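Quick notes on the structure that follows.
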Amino acid sequence: MAKVPKGKKAEMMGSYPVGAILWKLSLPTITGMVVQASYNMVDAAFIGKGVGTLALGGTTICLPFQMLMGAMGGAIGMGGASLVSRALGRHDRELASRALGNVVALALILGIAATLLGKASAEAVVTLFGASEEIKPYALEYLGIILLSCPLTLLAMSSNAVVRSEGNANVAMLSMVISGLANVFLDWLFIFHFHMGVAGAAWGTLISKLLVVIWLVSHFTVSPHKVIKLSPRRLRVDRDIVSEISSIGVSAFVRMAGTSLVMASVNNAMGIYGGPYYVAAYGVINRVMSIVYMAVNGVALGMQPLAGYNYGAGLFDRVRSSIKLSIIWGTGGCVFFFLLLFFLPERVFSLFTNDPDLIAAGVVSLPTIVAGTSLVAIHRIGATAFQALGKGKPAFWLSMTRHVLVFLPLLAILPRFMGLTGVLLSFPLADAIAAGITLLPLRKEMRQLKKEVLSTL
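Anchor point for the sequence shown: position 132 equals 132 in this note's numbering, and the numbering is continuous, going up by one each time.
Right, dumping it as structure tokens:
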């Protein structure tokens with residue numbers, strides 16, 4: 001692909017071939033996210049082999065809280081990115097820059113609030129998320145440090161989404177690579193060299209987030225590759241901009257917060273019907289599956305600025321093409337991961353632990369949990385497509401579908417009759433039902449876009 005002239009990174013989304021530009025936007029995002037997910041896997045392996053199974057269970061208990069922080073950062077970022085993409089599609093850089101200022105201000109305010117509230121209620125949080133007495137000390141030690149990183153987490157996630165929306169996918173990728181590689185190195189250093197246990201893993205996470213924030217702030221302030229600029233005078237909360245960010249971002253928050261609620265609920269259910277080893281096994285599975293989810297999200301986030309820009313520019317044929325191609329690519333990747341995880345559960349778990357009881361729990365759990373993986377891309381990319389088009393209502397309800405409207409009721413009902421098997425079956429059933437529900441409004445929207453294309457001929 002020819003080099004894009006300086007200052008034309010956004011405009012290329014309306015002129016380059018859809019497949020080529022989707023690849024250009026998605027590949028760096030997928031790479032960065034897979035590196036980030038790989039860090040999560042390495043982190044689990046370091047904790048499992050360097051500290052122990054109960055410590056791995058303790059960090060698993062804290063995952064719902066970390067996911068909730070990710071949900072807040074994702075909501076701000078997705079809402080801001082949608083606004084920025086559409087503003088750039090209309091060549092309104094002033095509005096795009098004001099949106100960035102609001103994104104950063106919101107991330108700081110909500111991140112500091114989360115730290116203060118979390119510090120005041122840490123023990124209640126880990127108990128709510130399913131910590132048993134054996135696991136609780138590890139969970140509290142880990143969470144106490146992670147809480148300090150809340151403002152950094154929100155800033156990193158939200159700013160990275162805006163970077164992608166201005167067409168700088170490589171910068172966004174590098175931020176995730178920086179975070180992942182720094183985290184792996186620091187975890188190794190703190191756990192195996194300084195013998196800091198789960199506290200070492202937590203400090204590694206905090207420091208890596210700080211490095212990412214420094215990288216992103218430098219991009220928006222001094223980098224010659226920036227499309228929009230962050231300046232102190234734009235660091236404010238504008239009611240109209242925040243309202244639009246919220247209307248779009250709430251769907252991303254619901255989806256990711258729903259994941260947090262699911263994780264907490266599964267932790268509790270695994271503890272009741274399986275015991276501490278199944279809680280730890282779910283922690284491993286969650287980290288392994290994050291590779292799948294991150295890859296799909298990478299395609300979705302590559303599609304978002306492309307679809308949003310072209311929708312704002314009235315190029316509806318390019319919008320349709322970007323959505324269709326994203327679903328095809330995402331589904332292909334999901335099928336590959338399904339085959340890998342379904343048939344090799346023992347090998348997967350042996351990467352994380354030498355504990356035969358934990359491996360046995362993983363062999364029971366992994367094949368059933370991943371059975372619906374091939375359908376994941378339909379729901380995730382479908383919901384993101386509506387966010388990209390600025391259609392908050394369908395995006396919100398689709399984001400609610402998989403976790404809140406389908407999975408949690410299944411998790412509440414099936415284990416009562418089927419025990420641990422019911423917990424495990426809730427995952428593939430939710431994937432299948434959510435994909436089917438998503439196809440209904442998505443097909444309608446695609447037909448409407450086709451009508452818009454025909455009306456312009």
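Glycine included, every Cβ here is placed at the ideal spot set by N, Cα and C. Note that the coordinates shown come from a computational prediction; the quantities given were computed from them, not determined experimentally.
Contact check, residue i vs residue j, beta carbons under 8 Å
| i | j | result |
| --- | --- | --- |
| residue 403 | residue 262 | yes |
| residue 257 | residue 78 | no |
| residue 426 | residue 411 | yes |
| residue 277 | residue 266 | no |
| residue 82 | residue 390 | yes |
| residue 162 | residue 100 | yes |
| residue 43 | residue 238 | no |
| residue 432 | residue 30 | no |
| residue 73 | residue 107 | yes |
| residue 206 | residue 152 | yes |
| residue 70 | residue 102 | no |
Cβ distance (whole Å) where residue i is taken to contact residue j below 8 Å
| i | j | result |
| --- | --- | --- |
| residue 353 | residue 379 | So it is not a contact: roughly 31 Å between Cβ atoms. |
| residue 453 | residue 317 | 5 Å |
| residue 338 | residue 370 | 6 Å |
| residue 299 | residue 85 | That pair is no contact at about 16 Å. |
| residue 62 | residue 111 | Actually they do not touch by this definition, with Cβ atoms about 17 Å apart. |
| residue 180 | residue 35 | 4 Å |
| residue 138 | residue 202 | With a Cβ gap of about 11 Å, residue 138 and residue 202 do not count as contacting. |
Of the residues the options, the one placed nearest residue i, counting alpha carbons only
| i | options | result |
| --- | --- | --- |
| residue 430 | 397, 409 and 390 | 409 |
| residue 384 | 306, 136, 152 and 272 | 306 |
| residue 214 | 68, 447 and 104 | 104 |
| residue 419 | 20, 275 and 449 | 275 |
| residue 503 | 102, 95, 37 and 29 | Coverage of the chain is limited to positions 1 through 457, which leaves residue 503 absent and any answer about it impossible. |
| residue 249 | 376, 361 and 75 | 75 |
| residue 175 | 195, 154, 211 and 148 | 211 |
| residue 198 | 117, 325, 68 and 49 | 49 |
| residue 375 | 397, 153, 439 and 421 | 439 |
| residue 208 | 148, 416 and 222 | 148 |
| residue 226 | 169, 321 and 185 | 169 |
| residue 260 | 60, 312 and 230 | 60 |
| residue 441 | 422, 382, 451 and 450 | 382 |
| residue 288 | 271, 321 and 345 | 345 |
| residue 290 | 373, 356, 327 and 309 | 373 |
| residue 270 | 361, 367, 397 and 89 | 361 |
| residue 17 | 333, 437 and 319 | 319 |
| residue 331 | 41, 435, 21 and 140 | 435 |
| residue 15 | 173, 196 and 309 | 309 |
| residue 273 | 98, 351, 66 and 415 | 415 |
| residue 171 | 68, 156 and 185 | 156 |
| residue 196 | 134, 96, 443 and 52 | 52 |
| residue 166 | 304, 121, 394 and 348 | 304 |
| residue 145 | 437, 135 and 116 | 116 |
Sequence ranges, alpha helix (DSSP H) only - wholly within the region 370-408, length at least 4: 376-388 and 392-400
Complete alpha helix (DSSP H) runs within the region 82-120 (minimum length 4 residues, chain order): 93-120
Which residue spans inside the region 298-348 form an unbroken alpha helix (DSSP H) run of at least 4? 316-343
My parser needs the beta strand (DSSP E) runs of 3 or more residues fully inside the region 191-246; what are they? none
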